[in-house]
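**Q** Going down the list, the sequences are from chains L and B.
Note that the first sequence covers residues 1 to 429 in this note's numbering.
Note that the second sequence covers residues 1 to 429 in this note's numbering.
Protein chains: 2
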Amino acid sequence: MMAESARDAFYRISASDAEVRNETLRSLAALLEQEKETIFAANRADLEEAERENLAAPLLHRLTFGEEKLRQVTEGLLAVAAMPDPLHRTLQATEITEGLKLFKVSCPIGVIGIIFESRPDALIQIASLCIKSGNAVLLKGGREARRSNQALCALVRKALEASGLPADAAQLLETREDVSRMLREDGLIDLIIPRGSNAFVRYIIENSRIPVLGHADGLCHVYIDEDADPEMAVKIAVDSKTQNVAVCNAMETLLVHAAIAEKVIPPLFAALRDRAVKLRGDEEVRKIAECLPATEEDWSTEYLDAVLSVKIVKSEEEAIAHINRYGSHHTDCIVTENDAHAVRFLNQVDSAGVYRNVSTRFADGFVYGLGAEVGIATGKLHARGPMGMEGLTTYKYKLLGNGQLMADMKNGARRYTHRSLAENCPVEG
Amino acid sequence: MMAESARDAFYRISASDAEVRNETLRSLAALLEQEKETIFAANRADLEEAERENLAAPLLHRLTFGEEKLRQVTEGLLAVAAMPDPLHRTLQATEITEGLKLFKVSCPIGVIGIIFESRPDALIQIASLCIKSGNAVLLKGGREARRSNQALCALVRKALEASGLPADAAQLLETREDVSRMLREDGLIDLIIPRGSNAFVRYIIENSRIPVLGHADGLCHVYIDEDADPEMAVKIAVDSKTQNVAVCNAMETLLVHAAIAEKVIPPLFAALRDRAVKLRGDEEVRKIAECLPATEEDWSTEYLDAVLSVKIVKSEEEAIAHINRYGSHHTDCIVTENDAHAVRFLNQVDSAGVYRNVSTRFADGFVYGLGAEVGIATGKLHARGPMGMEGLTTYKYKLLGNGQLMADMKNGARRYTHRSLAENCPVEG
């Protein structure tokens, strides 16, 4: 059984030295270069089939794995290998009573199932973060990339074995039945990270007892405050909407304070129309500029397309309430020169990313300096926002004593000291 | 609707100053003292009904709320009020590009539903941690404590209002229907923490899409290594098993290395029998000392009683594999004088608490110095082990710019700096 052998592999990789895990990533980079013709051939076969099936051009582009992608992936592997070990970090140290030291120490999560979209380079990126952080991973990629994924996963397994780690720390799921079986293995699998459509993520959450991290929606807002710099506001709104319309951190709804609406909306609408954005506005917006009416449904719609809904609000409070009610808690921005307004917005908007005067398109693991991301989480537990290597770790409490008994604490023979210690956990692999 | 008004209350309490939240806790302490006769009367009514219904003595004891409990609860409130604010802490600061600063800042989770057992003092403890950390809480206590809980929750709400915070930041659920309704509110409630029996926690997990933190089991092990100090091993095993048999951090299975078994088992069994512990052993154990045979089922049983299953293992590896297979990932201890064995055990046992030479009974939020605990988590995500105030917080990313656009990053007009900053997030409420 895949999950069972992944569990065994987890116990081995979690106990391995950082240098062994880094060596795996470096030898994977070398193997990719060495075996690149095999990978390119597999990818060409995937692309030919996709063309026969008339896949849309953006999807074909995402599916392509050539020299350029190879270079990016190889560089990424070496960069992850060079990052500090995310494991065995002492997060907190406390003396509980004389001679008894408590250390909160970072450690891997366990077996992680990741379901990802059609980009084959994602397989290497995800596998590298899992290996670096001592986890075992079950990978399920898009059907249209299956030959590419098979070729790539075979090399990941070869690199693991070459460093003396179990190949089963990375396994490729091939069929829907594999996925259904995985979702039932709540005794063996610790976490599922689904990437993909909203409906797909909901399906996973509803069909598994395994904890799920991932984002179901990216309904991001820009709020142009009454004290915004109008020119900056227009630029940020245009970038947030049009820099890439098909991604989760693109703006879907724009909120404009009534006091600045007449100044900002005409030039903004002109700039957006230049970029072929279709505009929908509430009644107040349509008093200022022509556009289609926005309905209640628009406020909850993630277009992932060149469409924008626009609403005029009477106060910052109304903007915050609208975002908390209709948003997806992903990333929301206020454009303002007013510090007090910014503080209020950043504290009260209940989202993973709260921005002041910057495009929502910055919500990304690479941009945040996390090296790479396994996904963006819009839930609030464990990891929130772009999730890198650290999101793949948890912690355990190591308690080191010399025979301390609870009976002695209760009868007063010993007392609690609860002294914060400045030392790292001494017992490390 | 309770969940909806709790959500509104959350938005208000999350934006409140630390001093206001601390003031609420201090005024609650004063109110408890002032209104103690009302509370004691309610508690007496609960106790009388429980006696009529022939509740067991330990349950009656837990249900009792008198002067002593009042003093503990009041002291606890003042201690929590005096702790540093868990919110607005800058966990990480990075310059992304010139003039663009990213701050990872701690913030509350939102609306939390907590279902707890019959101790009315737990209501105050839980409510105080939630208020301190800026969350709203829906509280469901044991039916047998309902009058006490009503009296206590009324004072919590009074204290909230007295500080200008919304009373609905703490609401008491009274009926099973309230609980069923709560479990369906995944749009409004962020987290459920169930305390109680294994079956009950499983029921909650299976009947809600809201994330659940809590422990389903406490099947703790002590492993006596071949290099253990035999005298220490006996004391730790006795304390772990008998100091309190009815709690989740009591030992349920003892593993003994074959090389030390003949030395340790006879005195240990004598000591345990003195304390009326019923012993069950595998075949190898029964060659050394008389006891009932342990079956496969015993290894997975949390007795919560004066019963212990004992197994002889041939190696540390076998002990680790047994614990990872049959344990509940709560707390497990190795008794050894051998550093290499200790390192291996602490790194490879996949539990929230991994101990060396100390009783498993130390797994507790107060003991760990967390002030108090809302529960002990045996899952691996978000919080693990005893969960205090910090477990009731999450983080958000605050990104502060002056007009940065993604288009400029892509066209090379700007470059990423990814410089770690030593400053705290400047915009705080």
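Idealized CB from N, CA, C, for every residue including glycine.
Since we're looking at a predicted model, the values are computed, not measured.
Counting only beta-carbon atoms, is B/Phe362 nearer than 8 angstroms to chain L?
**A** Yes, because at least one Cβ of chain L sits closer than 8 angstroms to the Cβ of B/Phe362.
**Q** Secondary structure at B/Arg7, three-state DSSP: helix, strand or coil?
**A** Reduced to three states, the DSSP call for B/Arg7 is helix.
**Q** For B/Tyr397, decide whether its Cβ has a neighbour in chain L, counting only Cβ atoms nearer than 8 angstroms.
**A** Yes, B/Tyr397 counts as interfacial toward chain L.
**Q** For L/Leu268, which residues in the same chain have their Cβ closer than 6 angstroms to its Cβ, ignoring the five residues on either side in sequence?
**A** Taken in chain order, the residues that qualify are Val234 and Ala237.
**Q** Give the straight-line distance between the Cα atoms of L/Glu117 and L/Gly142, rounded to the nearest whole angstrom.
**A** Each residue's Cα considered, the two are about 5 angstroms apart.
**Q** Let's see if you can read the secondary structure: which residues bound the alpha helix (DSSP H) around L/Asp239?
**A** From DSSP, the alpha helix (DSSP H) with L/Asp239 extends over Pro230 to Thr242.
**Q** With distances taken from CA atoms, which of L/Ile224, L/Asn338, L/Thr242 and L/Ala276 is nearest L/Lys432?
**A** Because residue 432 of chain L is not part of the residues shown, which for chain L are 1 to 429, the question remains open.
**Q** Can you tell which of L/Phe345, L/Asp305 and L/Asn411 has the C-alpha that lies nearest to the C-alpha of L/Pro58?
**A** Among L/Phe345, L/Asp305 and L/Asn411, the Cα nearest to that of L/Pro58 belongs to L/Asp305.
**Q** Quick one: list the residues of chain L neighbouring B/Ser359, beta-carbon separation under 7 angstroms, in chain order.
**A** Correct list: Gln404, Leu405 and Met406.
**Q** Cβ of L/Glu33 within 7 angstroms of any heavy atom in the ligand FMN?
**A** Here there are no bound small molecules, and the ligand FMN is not part of this structure.
**Q** Please confirm if B/Thr394 has its CB atom under 8 angstroms from at least one CB of chain L.
**A** Output row for B/Thr394: interface = yes.
**Q** Using DSSP with H/G/I as helix, E/B as strand and the rest coil, what is L/Met83?
**A** Coil at L/Met83, not helix or strand.
**Q** Rounded to the nearest angstrom, what separates B/Arg7 and B/Gly110 at their Cα positions?
**A** Answer to the nearest angstrom: the Cα atoms are 7 angstroms apart.
**Q** Give me, in chain order, the residues of the same chain whose beta-carbon lies closer than 6 angstroms to that of L/Asn207; leave out the 5 immediate sequence neighbours on both sides.
**A** Here the set comprises Leu183.
**Q** Would you decide whether B/Arg384 is buried or exposed? Buried here means 16 or more other CB atoms lie within 10 Å of its CB.
**A** So B/Arg384 ends up on the buried side.
**Q** Quick one: what does DSSP say L/Arg280 is sitting in, helix, strand or coil?
**A** Three-state result, L/Arg280: strand.
**Q** Determine the chain B residues that contact L/Leu400 at a beta-carbon separation under 9 angstroms, and present them in chain order.
**A** The answer, in chain order, is Ala342, Leu346, Tyr355, Arg356, Asn357 and Val358.
**Q** So, using beta-carbon positions, are L/Ala377 and L/Gly388 closer together than 8 angstroms?
**A** Cβ atoms of L/Ala377 and L/Gly388: not closer than 8 angstroms.
**Q** Express the C-alpha separation of L/Ala3 and B/Lys410 in angstroms, rounding to a whole number.
**A** The alpha-carbon atoms of B/Lys410 and L/Ala3 are separated by roughly 41 angstroms.
**Q** Shorter than 8 angstroms from the beta carbon of B/Ala352 to some beta carbon of chain L?
**A** Answer yes: the Cβ-Cβ gap between B/Ala352 and chain L drops below 8 angstroms somewhere.
**Q** How about B/Asp364 and B/Asn198: do their beta carbons lie closer than 8 angstroms?
**A** For B/Asp364 and B/Asn198, no; Cβs fall outside 8 angstroms.
**Q** Whose C-beta lies closer than 8 angstroms to the C-beta of L/Pro266 among residues of the same chain, with five residues either side of it excluded?
**A** Around L/Pro266: Ile288 and Ala289.
**Q** With H, G and I counted as helix, E and B as strand and the rest as coil, what does DSSP make of B/Ile189?
**A** Residue state, collapsed to three classes: coil.
**Q** What does the Cβ neighbour count give for L/Leu102, buried or exposed, with the cut at 16 atoms within 10 Å?
**A** Answer is buried; the Cβ neighbour count reaches 16.
**Q** Please confirm whether L/Glu35 and L/Leu138 have their CB atoms less than 8 angstroms apart.
**A** For L/Glu35 and L/Leu138, no; Cβs fall outside 8 angstroms.
**Q** Check whether chain B comes within 8 angstroms of L/His382, counting only Cβ atoms and requiring the distance to be less than that.
**A** By this cut-off, L/His382 is an interface position.
**Q** To the nearest whole angstrom, what separates the beta carbons of L/Val222 and L/Thr360, a pair I think is in contact under 8 angstroms?
**A** Between L/Thr360 and L/Val222 the Cβ distance is about 7 angstroms, and since that is below 8 angstroms, they are a contact.
**Q** Closer than 8 angstroms, CB to CB, is L/Val264 near chain B or not?
**A** False, the Cβ-Cβ gap to chain B never drops below 8 angstroms.
**Q** What are the residues that DSSP puts in a beta bridge with B/His61?
**A** According to DSSP, which records beta bridges pairwise, B/His61 is partnered with nothing at all.
**Q** Of the residues L/Leu63, L/Asp85, L/Asp46 and L/Asp282, which one's Cα is nearest the Cα of L/Leu25?
**A** Nearest of L/Leu63, L/Asp85, L/Asp46 and L/Asp282 to L/Leu25, Cα basis: L/Asp85.
**Q** Enumerate in chain order the residues of its own chain whose CB-to-CB distance from B/Asn149 is below 7 angstroms, with the five nearest sequence positions on each side excluded.
**A** Cβ neighbours of B/Asn149 beyond the five flanking positions: Pro120, Leu123, Gly141 and Leu172.
**Q** Against chain L, does B/Arg209 count as a neighbour if the rule is that its beta carbon must be under 8 angstroms from one of theirs?
**A** Yes, B/Arg209 lies at the interface with chain L (some Cβ there is under 8 angstroms from its Cβ).
**Q** Check L/Val354 in the structure and name its three-state DSSP category.
**A** Looking at L/Val354 - three-state DSSP - the assignment turns out to be strand.
**Q** Could you pull out every unbroken alpha helix (DSSP H) segment of at least 4 residues lying fully inside the stretch 105-135 of chain B, listed in chain order?
**A** Within the stretch 105-135 of chain B, the complete alpha helix (DSSP H) runs of at least 4 residues are 120-132.
**Q** Taking the Cβ atom as the reference point for each residue, do B/Gly99 and B/Gly401 lie within a distance shorter than 8 angstroms?
**A** In contact: B/Gly99 and B/Gly401 (Cβ atoms closer than 8 angstroms).
**Q** Please give the ranges of any alpha helix (DSSP H) in the stretch 311-366 of chain L, keeping only runs that are unbroken, at least 4 residues long and fully inside the region.
**A** Segments of the alpha helix (DSSP H) lying fully in the stretch 311-366 of chain L: 316-326 and 339-348.
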